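Numbered according to my numbering, the sequence shown spans residues 154 to 622.
In this text, a Cβ means the ideal position worked out from N, Cα and C, and glycines have one as well.
No experiment lies behind these values; they were computed from the predicted model shown.
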Amino acid sequence: MTKEMILVSVGIDVGTTTTQLVISQLTLVNVMPGSQVPKVEISNKSIMYMGNVHFTPFEDRQHVDGRALRAIIAKEYERAGVKPEQIDTGAIIITGEAAKKENASEIIHSLADYAGDFVVATAGPDLESVIAGKGSGAEALSKRLHARIANIDIGGGTTNIAYYERGKCIGTACINVGGRLFEVDPLTHNLNYISSPGQTIMNHCYPNESLAQSGDEVLMIRRCLRAMVECVERVIFHEPLLAQDRLLVMTNKLPNVLLDGVVFSGGAAKYIYLPGIMEWWIHGDVGPLLAEAFRESRIYSSFSVHQGAETIHATVLGAGAHTVNVSGSTITISKNTLPLRNIPAVYPEEGPKGTFSWLKSAENYTSSLRRTVALVVPPLPNTDFITICTLAETLACELPLIKGEPKVIIAQQDIAKVLGQTLQRLLPSVPLVCLDGIELALGDFLDIAKPLAHEDAVPVIVKTLVFTN
């Protein structure tokens, strides 16, 4: 590539409560000129346009309004003075409760015209936690301080937690605790909607009392929010969960380690760092009251609280930076399988005795826009033939159950040739792409080009979410 390249990138976050769009300009340079393996990095990032924060439009409680959402994004493009064809890259991420709605896949389709070279994803809880921690600055903070920092992203429907140790994510959790689980009338301040997780806690706090009998609704809401935050406390402090917690905790992969500090992000975080708002009903939900409950929590009092670079804009501020790599030369590729575009990297869950399973993680990428996924093989303690054969047998059992073809495997170690050939013997009719020599992280997406001369290596573009900090 030339010495320098300018890309226009858009980030669109469709969340439980709000939808946001940010357009950035990325300057990319090849930091290894003259090398056979180009490595492209971002030398400069600047925000060209920061869109307004819009309420995510819903047709009803179960369906996002795709037409209204498309109109919001079209209007933001118009305000920015940018046409979709002028965008080089980007990401559309559907997060929180919006990702759970029945027509989330349709929403991706309704935005597909804006997504020629985009990463388009319904973020699962793990990915959403990582995205928020990157965008808030918690990841960079942990790296700069050589510390273990938790990012606690409080959205409208969920609280996503990510632990970072010296810049590396070491665990995530997602809990159904958010500012829009109770909705209120901004004029009367009365409750007009209680979500299913909210009702769970309501039943726990007031088992024999109806809403009409409760009297002081604000007092009741505060008690319910305090109970929700206590659930988050039990997860972070690794205490036994109570019966009501089990319906709130969606995922919990946090290691039992001591934290050096926490960062709060998400819409409610604004009111954690700037407390004292009197008109708590201003957004039609209970976000400010939830922020108050977090300020009074053991989490706030037990750890150093750092202010991140972003709160409400933490989830996505730009996207789609390209890092160009060339795979290792010992690879396995079935004929007529390449090129591939926008393939999500899927990390496995680790089981007993070092075993791996990709089935649950791959479920986060079931959109019909997704042709296939790339299963990442983490570093193995041994790369002897028996270990690789055992790994191949596991993959041979799981690959037919995971949507998409060709089947793409990305190994972190130099084992793609033997692993691929073993898989071809086990699954002779399945098209396969097995590569190594590529560095990936959770949330990355891949473009895989056709093989280079002699078919001994392939160019791979790694796309990742980019943030301003």
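Just how far apart, CA to CA, sit residue i and residue j?
i, j, result
"S236", "L298", "One detail in the question is off: residue 236 reads as Lys in this sequence, not Ser. If you take the alpha carbons of K236 and L298, they lie about 41 Å apart."
"R524", "P497", "10 Å"
"V615", "N405", "28 Å"
"I240", "A233", "12 Å"
"A380", "G429", "21 Å"
"E546", "F208", "48 Å"
"E383", "L412", "18 Å"
"F447", "Y453", "7 Å"
"L554", "I484", "23 Å"
"D213", "V337", "16 Å"
"P531", "R387", "30 Å"
"A244", "E231", "18 Å"
"V178", "V184", "Sequence inspection shows Gln at residue 178; the Val mentioned does not correspond to that position. Roughly 19 Å between the two C-alpha positions."
Evaluate residue i with the Cβ neighbour count: other Cβ atoms within 10 Å of its Cβ, from every protein chain shown; 16 or more gives buried, anything less gives exposed.
i, result
"D306", "buried"
"T172", "buried"
"I601", "buried"
"F271", "buried"
"M431", "exposed"
"V410", "exposed"
"G204", "buried"
"A333", "According to the sequence shown, residue 333 is Arg rather than Ala. Answer is buried; the Cβ neighbour count reaches 16."
"P441", "buried"
"Y426", "exposed"
Residues in its own chain within less than 6 Å of residue i by CB, not counting five upstream and five downstream?
i, result
"N197", "T180"
"G324", "Y316, K406, L407 and P408"
"P278", "C327, M403 and T404"
"T490", "P559, P584 and V586"
"R494", "D600"
Can you list, in chain order, the residues of its chain with a C-beta nearer than 7 Å to that of residue i? Leave out the 5 residues immediately preceding and following it.
i, result
"N622", "Because N622 carries a pLDDT of 47, less than 50, the predicted location of this residue cannot be relied on, and the following value inherits that uncertainty. Answer for N622: G290, A293 and A462, listed in chain order."
"R376", "C358"
"I541", "I568, V571, L572 and T575"
"K296", "R319 and G320"
"Q566", "P532, L533, T536 and D589"
Kindly indicate the opening and closing residues of the alpha helix (DSSP H) around residue i.
i, result
"S455", "R451 to S455"
"S177", "Run containing S177: none in the alpha helix (DSSP H); it sits in the beta strand (DSSP E), T171 to N183."
"L585", "Note, L585: premise wrong, no alpha helix (DSSP H); beta strand (DSSP E) at L585 to D589."
"T483", "T483 -> no alpha helix (DSSP H), and no H or E assigned at all."
"R524", "No alpha helix (DSSP H) contains R524, which DSSP labels as neither H nor E."
I think residue i touches residue j, with their Cβ atoms under 8 Å apart; what is that distance to the nearest whole Å?
i, j, result
"G437", "G308", "Incorrect: roughly 15 Å between the Cβ atoms, too far for contact."
"P584", "P604", "Not a contact, Cβ separation roughly 14 Å."
"I226", "L174", "6 Å"
"T248", "G168", "5 Å"
For the beta strand (DSSP E) containing residue i, name the first residue and the last one.
i, result
"E318", "T312 to E318"
"T242", "T242 to I247"
"K560", "K560 to A564"
"N345", "L344 to I347"
Starting from the C-beta of residue i, find all residues in its chain whose C-beta is less than 8 Å away, skip the five residues before and the five after it, and write them out in chain order.
i, result
"K513", "E502"
For residue i, is the beta carbon positioned less than 7 Å from some heavy atom of the ligand MG?
i, result
"F417", "The ligand MG is not part of the structure shown, which contains no ligands of any sort."
Against chain C, with Cβ distances strictly below 8 Å, would residue i count as a contact?
i, result
"A326", "Absent here is chain C; the protein component of the structure consists of one chain."
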